[in-house]
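Engineer: Structure below; questions to follow.
Protein chains in written order, with my numbering: chain X, 4 to 506; chain R, 1146 to 1478.
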């Protein structure tokens, strides 16, 4: 069956720059002197350390247990010794530090004995627990814990596997699909087994013919190998950024538009990155926890390409391996459309790190000076959400935040299309981030203020109540006193009268 | 620096230069049919616009190079020159440009901030202030440059033989005298569609509009809305009473209709900005233009239509916000 494709509004077609890094096969990375493994690597929680400084650990051994329902486990990426457990700067725009286990590799790469789990025999609960215990989170960048998504009790019609890889420069999913298609297809089948989807579609942008061919062959090989009767379909989709955004891909492949604030599962769709499907297969069929990922290193480097990187490898180790060229003025993590400038090269690679780009002024020229908006509407034509970015910009600039809300500011996915096309070179996404944070801060203030008001009113009410009670008590006492006085008076008067009576 | 880290090569300057380029076919026809005096007017308007823009930017302590180089002042200047009769005295062109650049544009905060179309402000203020001079249009075919240049320099306005009634003027006068449309059209003023000679100008602007549409500089909804508004209203009344109302073709080929359709109502700063809003805005201009032409005190009403609809833009935009992603659910396949 050939799936009918749908169109999403807007989008852009930037220069893909995929060839730089997609030609060479995935390469291994020599062990770095130390690995910094953060405890929190999923978007819904982290891990609780179960090792202490000085412990010897094996490759693939759990070193942090999933904490809470949304947490995911972390594992030793190689064999070695736990050197310290301390706060380290993370690969995040803020550069904030976070708790990490620092491992010194012993160079022997001794594996823990793997314990595969046959999806056909294991119960659903066992499988979900294993996915959580293997530390599997969404590898497309959002790092949403997979056991939560696939464990959702919704009726799922369609399972989507995202191999679109729409950001320029990034090719890690492309190489993964070319080289490890069988594992991706096997992982997709396990995910389908878990959510009971009626069909499985793998969306791949049509600028990756080799990946499409490899995946099609793997899907063909897997035909009839299980009793589900559901085949994995490979669907080439038009190359148009941001076709790889989850909601855009769901739109393209199913026609369904998931509104902001809603989740795909409620519409009968679940979407996983190809890397996540691959990791699920490795975890269950091979008993290997998530300890590495494919990272594209590209841009202004001597040896661009894709590398199998142990989680916790410091970024500078990879740039050293690829040979930074002179003229590099900053380093990006992620793609050029949505990635961020790394504040520190000491930060480690984590489960969501898909790409490192060495940026130079030649490859990434600084934007020309900002000019006034002339409402030409190019941004509105490019917006995949159908927003009017220029209207948001005018509202944000004037701090008319109610208007910004009315124009659906919080539906903005910050994909960057509007800023990419703007002829006045306005950094629109920056304005939207600013407006969002201002509105959030204002809402927080409002909340705090209304709480303070509630507290104040409660206090006033309490004081008044106490005053009233006190008054009532006083009044009662006074009445009592008066009564007793009156009684006393009466007695005195009676006594006096008695005394005055002539004897 | 934050994302996105790449940008498409595009600039406001490139947009404005494309608009100027798209005006060239119209200008070429103008020179051929009406006379080369238009070039003098364009030069006067351009020089005044750049000087005024530079002076005011300096007063407002704004960077000169970026704004002066964006080409927007030149676009305004050229449009004013094309909207005014090309034999107006030089000082009238200067005043018109001053009204547009200093008044309509910079008093509101400069490029992007003005609610009213600067060229139309210029046209309206001049037609109100100097109705006589503004009604003297050169007759097509009399491309006597020396005579036209003499008028521009402010020479005595001995205009017999140089000027002639425009199509809209002749139609209006004829109808006021209770002649019927066909009889009026039979006079020598008219050609195959509008005013003889002038109608070729409409073709020139149409050609330029095609360039702008192809380059996606303008949104098709604006010219379409305007043509539908003006042509549709004209068609309705023409069908009811063809003796009293000229045809839609006449309306579209006469006066500034084609210039307005592709270069005036398409000004992104002052037009409505939502897809439906653009259609409503432009149709409104067309309808108002027809009303002024048919019943108003002036033969041409587009400029008034534009300014009136400019006032409505915030309201139109507010009530025509398009549905966003997820608001319109398509049925599942």
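Don't be surprised by glycine CBs; every beta carbon is placed ideally from N, CA and C.
Taking the beta carbon of residue 1378(R) as the centre, do at least 16 other beta carbons fall within 10 Å, making it buried, or is it exposed?
Structural biologist: Numbered from 1 along the second chain, position 233 holds the residue referred to as residue 1378(R). Its Cβ being crowded by 16 or more others within 10 Å, residue 1378(R) is buried.
Engineer: What are the complete beta strand (DSSP E) segments, minimum 3 residues, inside the region 31 to 56 of chain X?
Structural biologist: Qualifying beta strand (DSSP E) stretches, in chain order: 38 to 41, 50 to 52.
Engineer: For residue 268(X), does the three-state DSSP call read helix, strand or coil?
Structural biologist: Position 265 of the first chain holds residue 268(X). Helix, per DSSP.
Engineer: For the region 1274 to 1293 of chain R against the region 1204 to 1224 of chain R, are there 3 or more C-beta pairs whose distance is under 8 Å?
Structural biologist: Result no; under three Cβ-Cβ pairs closer than 8 Å.
Engineer: Determine the closest residue to residue 151(X) out of 63(X), 268(X), 119(X), 200(X), with distance taken between C-alpha atoms.
Structural biologist: Within the first chain, residue 151(X) is the residue found at index 148, counting from 1. When each option's Cα is compared against that of residue 151(X), the closest is 268(X).
Engineer: Using 10 angstroms around the beta-carbon of residue 1464(R), count the other beta-carbons present and answer buried if the total reaches 16, otherwise exposed.
Structural biologist: Along the second chain, read from residue 1 onward, the residue named residue 1464(R) stands at position 319. Exposed.
Engineer: Against residue 171(X), what residues of chain R qualify as contacts under a CB-to-CB distance less than 8 Å, listed in chain order?
Structural biologist: On the first chain, residue 171(X) is found 168 positions in, with the first residue counted as 1. Per Cβ cutoff of 8 Å: 1151.
Engineer: Out of 1386(R), 1391(R), 1344(R), 1255(R), which one is the CA nearest neighbour of residue 1401(R)?
Structural biologist: Within the second chain, the letter at position 256 stands for residue 1401(R). For the residues 1386(R), 1391(R), 1344(R), 1255(R), the minimum Cα distance to residue 1401(R) belongs to 1344(R).
Engineer: Is it right to say residue 1475(R) is buried, meaning 16 or more other beta carbons lie within 10 angstroms of its own, or is it exposed?
Structural biologist: Reading the second chain from its first residue, position 330 is the one you call residue 1475(R). Here residue 1475(R) scores only 48 on pLDDT, less than 50, and its place in the model is too uncertain to base an answer on.
Engineer: Taking DSSP's pairing of strands, which residues face residue 65(X) in a bridge?
Structural biologist: Here residue 65(X) refers to the residue found at position 62 when the first chain is read from its first residue. Bridge partners of residue 65(X): 78(X).
Engineer: Helix, strand or coil, according to DSSP, for residue 416(X) in the structure here?
Structural biologist: Looking up residue 416(X) in the first chain gives position 413. Correct three-state label for residue 416(X): coil.
Engineer: Kindly indicate the opening and closing residues of the alpha helix (DSSP H) around residue 278(X).
Structural biologist: The residue you call residue 278(X) lines up with position 275 of the first chain. Segment 277 to 288, the alpha helix (DSSP H) holding residue 278(X).
Engineer: Measure from the C-beta of residue 1392(R) to each C-beta in chain X and report whether the shortest distance is under 9 Å.
Structural biologist: To locate residue 1392(R), count along the second chain from 1; it is residue 247. No, no contact with chain X.
Engineer: What three-state label does DSSP hand residue 239(X) in the structure shown?
Structural biologist: The sequence position of residue 239(X) within the first chain is 236, counting from 1. Three-state result, residue 239(X): strand.
Engineer: Please state whether the Cβ-Cβ distance between residue 93(X) and residue 350(X) is less than 9 Å.
Structural biologist: Residue mapping note: residue 93(X) aligns to position 90 of the first chain, counting from 1. Residue mapping note: residue 350(X) aligns to position 347 of the first chain, counting from 1. Yes; because the gap between Cβ atoms is below 9 Å, this pair is in contact.
Engineer: Excluding five sequence neighbours on each side, which residues of the same chain lie with their C-beta closer than 8 Å to the C-beta of residue 289(X)?
Structural biologist: Within the first chain, the letter at position 286 stands for residue 289(X). Taken in chain order, the residues that qualify are 117, 119.
Engineer: Name the DSSP beta bridge partners of residue 1335(R), please?
Structural biologist: Here residue 1335(R) refers to the residue found at position 190 of the second chain. Paired residues: 1340(R).
Engineer: Could you please tell me which residues of the region 1356 to 1369 of chain R, in chain order, have their CB closer than 7 Å to any CB of chain X?
Structural biologist: Result list: 1364.
Engineer: Count the other CB atoms within 10 Å of the CB of residue 81(X); is the residue buried (16 or more) or exposed (fewer)?
Structural biologist: The residue given as residue 81(X) occupies position 78 in the first chain. By the 10 Å Cβ count, residue 81(X) comes out buried.
Engineer: So, does the region 305 to 313 of chain X touch the region 24 to 39 of chain X, judging by three or more C-beta pairs under 8 Å?
Structural biologist: Taking 8 Å as the limit for Cβ pairs, the verdict is that the region 24 to 39 of chain X does touch the region 305 to 313 of chain X.
Engineer: How big is the Cα-Cα spacing for residue 1250(R) and residue 1256(R)?
Structural biologist: The sequence position of residue 1250(R) within the second chain is 105, counting from 1. The sequence position of residue 1256(R) within the second chain is 111, counting from 1. One C-alpha to the other measures close to 6 Å.
Engineer: Determine the chain X residues that contact residue 1467(R) at a beta-carbon separation under 7 Å, and present them in chain order.
Structural biologist: Locating residue 1467(R) in the second chain gives position 322, counting from the first residue. 389, listed in chain order.
Engineer: For residue 24(X), name the three-state secondary structure that DSSP assigns.
Structural biologist: Taking the first residue of the first chain as 1, we reach residue 24(X) at position 21. Helix at residue 24(X).
Engineer: Secondary structure at residue 139(X), three-state DSSP: helix, strand or coil?
Structural biologist: Indexing the first chain from 1 puts residue 139(X) at position 136. Reduced to three states, the DSSP call for residue 139(X) is coil.
Engineer: Cα separation between residue 422(X) and residue 433(X)?
Structural biologist: As a position in the first chain, residue 422(X) is number 419, starting the count at 1. As a position in the first chain, residue 433(X) is number 430, starting the count at 1. For residue 422(X) and residue 433(X), the distance between alpha carbons rounds to 9 Å.
Engineer: Rounded to a whole number of angstroms, what is the C-alpha to C-alpha distance between residue 1271(R) and residue 1294(R)?
Structural biologist: Within the second chain, numbered from 1, the residue matching residue 1271(R) stands at position 126. Within the second chain, numbered from 1, the residue matching residue 1294(R) stands at position 149. The alpha-carbon atoms of residue 1271(R) and residue 1294(R) are separated by roughly 20 Å.
Engineer: Check the C-beta distance from residue 1431(R) over to residue 1356(R) and give it rounded, since I have them as a contact under 8 Å.
Structural biologist: As a first step, residue 1431(R) must be located in the second chain, where it is residue number 286. As a first step, residue 1356(R) must be located in the second chain, where it is residue number 211. The pair is not a contact, with the Cβ atoms about 22 Å apart (cut-off 8 Å).
Engineer: Return no unless some Cβ of chain R is closer than 9 Å to the Cβ of residue 454(X).
Structural biologist: In the first chain, residue 454(X) corresponds to position 451, counting from 1. Not one chain R Cβ lies under 9 Å of residue 454(X).
Engineer: Taking 9 Å as the CB-CB limit, is residue 337(X) close to chain R?
Structural biologist: Reading the first chain from its first residue, position 334 is the one you call residue 337(X). Yes, its Cβ sits closer than 9 Å to a Cβ of chain R.
Engineer: Output needed for residue 319(X): all residues of its chain with C-beta closer than 6 Å, excluding positions within five of it in sequence on either side, in chain order.
Structural biologist: Here residue 319(X) refers to the residue found at position 316 when the first chain is read from its first residue. Taken in chain order, the residues that qualify are 348.
Engineer: Could one say the Cβ of residue 1426(R) lies closer than 9 Å to chain A's Cβ atoms, at least one of them?
Structural biologist: Among the protein chains in the structure shown, which are X and R, there is no chain A.
Engineer: Can you list the residues of chain X that residue 1193(R) reaches, using a CB-CB cut of under 9 Å?
Structural biologist: In the second chain, counting from the first residue as 1, residue 1193(R) sits at position 48. Correct list: empty, because the minimum Cβ distance to chain X is about 22 Å.
Engineer: Rounded to the nearest angstrom, what separates residue 1290(R) and residue 1147(R) at their Cα positions?
Structural biologist: Residue mapping note: residue 1290(R) aligns to position 145 of the second chain, counting from 1. Residue mapping note: residue 1147(R) aligns to position 2 of the second chain, counting from 1. When rounded, the distance between both Cα atoms is 57 Å.
Engineer: Sorted by chain position, which residues of the same chain lie with C-beta nearer than 6 Å to residue 226(X)'s C-beta, five sequence neighbours on each side aside?
Structural biologist: On the first chain, position 223 is the one that residue 226(X) refers to. Here the set comprises 234.
Engineer: Using beta carbons (cut-off 9 Å, strictly below), is residue 1416(R) in contact with chain X?
Structural biologist: Counting from 1 along the second chain, the entry for residue 1416(R) is found at position 271. So, interface residue.
Engineer: Can you find at least 3 beta carbon pairs, one from the region 134 to 149 of chain X and one from the region 350 to 370 of chain X, that sit closer than 8 Å?
Structural biologist: They touch, by the three-pair rule.
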